[in-house]
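Here is the structure we will look at, set down as structure tokens.
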Amino acid sequence: MKNENENYYQLVINTCLLAGKIMIESGSDMQRVDDIIYRIAQNAGLRNVNAYITVTAIVMSANPDIAGRVIDIKRRSFNLTKIAKVNELSRQFASGQITIPVFFDELKLIEVQNDFFPLGIQIVGAILVSGPLVVVFRNNWIDFLPSCLVAALAWILFYFLNRYVNIRFLSEFAAAFMIAGLAALLVNIGWGHNMDDIVIGSLMPLVPGIPLTNAVRDLLAGNLVSGPARGIEALISASALGFGVAVGLHFF
-12 MKNENENYYQ LVINTCLLAG KIMIESGSDM QRVDDIIYRI AQNAGLRNVN
38 AYITVTAIVM SANPDIAGRV IDIKRRSFNL TKIAKVNELS RQFASGQITI
88 PVFFDELKLI EVQNDFFPLG IQIVGAILVS GPLVVVFRNN WIDFLPSCLV
138 AALAWILFYF LNRYVNIRFL SEFAAAFMIA GLAALLVNIG WGHNMDDIVI
188 GSLMPLVPGI PLTNAVRDLL AGNLVSGPAR GIEALISASA LGFGVAVGLH
238 FF
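This note's numbering puts the first residue of the sequence shown at -12, with every later residue one more than the last.
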């Protein structure tokens, strides 16, 4: 009986760690991750639960006779679909609709799933974020189509570099460099009017809004480790975009 209880508690801890890992890798703020880990553990009957959560690792311990566990976070992206799925599984477990083994198996399936939108839809999203903003904030209808074109091409470059090179900051730099070059080219051949508007509008899909928002939320929640870490990550992304544009404008 004791071994069965230990195995059950270890499975609960593994479930909590995997749920937290998926949420951090998908762009969740730390307060939500902390809440879901403690809810799963409490609903499973664990006592004396302690969890230390950062953007790079989660350390968790529970009952005194159960060894603590740690899981590392090696990559981070933005996938709200996975966050929603983990939240839904947590609610189903709390209401008794699923058991811990089923919960853990479902989490393993979510971890390996690719829930990102197809490239075509991502390109449409980049277009909707870039061109309309040039019109709304700058009242510049002339550069609406050039901004959409540049944003679409830059997002394609960013997508493939991020997929095959897997260095986000390099992908952002290359995309920003391309934006500056294409904006200068379109203005020089007469297809564009205001190069600054085209560059700013085309950069909007690449701006690190989610990391910056999560950094502020973590700081306000009192998480003085993950908050600054995410803030620095957002700052590096913004610097890569700015440096890419500066280099591009220098050459073009």
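Yeah, the Cβ is synthetic: ideal placement off N, Cα and C, and Gly gets one too.
- Within the same chain, Cβ atoms closer than 7 Å to the Cβ of Ala28 are found at Val(-1), Cys3, Val36, Ala49, the five residues on either side in sequence being excluded.
- Ala81 and Asn74 have their C-alpha atoms roughly 11 Å apart.
- Gly55 is classed as exposed because its beta carbon has fewer than 16 other beta carbons within 10 Å across all chains shown.
- The segment 163 to 227 is shown to contain whole alpha helix (DSSP H) runs of 4 or more residues at 182 to 190, 196 to 207, in chain order.
- In the three-state reduction of the DSSP assignment, Val57 falls in the strand class, which pools E and B.
- Contact annotation: Ser13 and Phe65 have beta-carbon atoms nearer than 8 Å.
- Within its own chain, the residues whose Cβ lies closer than 6 Å to the Cβ of Gly218, once the five positions on either side in sequence are excluded, are Ala202, listed in chain order.
- Distance check between Leu207 and each of Asn(-8), Met10, Met17 places Met17 closest, using alpha-carbon atoms only.
- For the pair Pro105 and Leu157, the Cα-to-Cα distance works out to about 22 Å.
- Where Asn37 is concerned, there is no enclosing alpha helix (DSSP H), although the beta strand (DSSP E) around it starts and stops at 37 to 40.
- For Ser48, the beta-bridge partners assigned by DSSP are Asn37.
- The DSSP-derived three-state label of Ile87 is helix.
- Just so you know, the alpha carbons of Asn101 and Val89 end up roughly 20 Å apart.
- Contact check for Gly235 and Ile154: beta-carbon distance about 18 Å, past the 8 Å limit, so the pair fails to qualify.
- Annotated three-state conformation of Arg19 is helix, per DSSP.
- In the structure shown, Asp92 adopts helical secondary structure according to DSSP, grouped into three states.
- Ala71 carries a helical assignment under DSSP once its states are collapsed to helix, strand and coil.
- One Cα belongs to Ala227, the other to Gly168, and the distance between them is close to 16 Å.
- Gln100 carries a coil assignment under DSSP once its states are collapsed to helix, strand and coil.
- In this structure, Gly231 sits near Ala163, with a CB-CB distance shorter than 8 Å.
- In this chain, the alpha helix (DSSP H) harbouring Arg125 covers 106 to 125.
- Ranked by how close their Cα comes to the Cα of Thr200, the residues Ser15, Phe238, Lys8 have Ser15 in first place.
- In this model, Ser189 and Phe239 are separated by some 17 Å (Cα to Cα).
- One thing to note: Val57 has its Cβ within 8 Å of the Cβ of Val46.
- Ser82 carries a coil assignment under DSSP once its states are collapsed to helix, strand and coil.
- Ala44 is not a Cβ neighbour of Ile23, given a cutoff of 8 Å.
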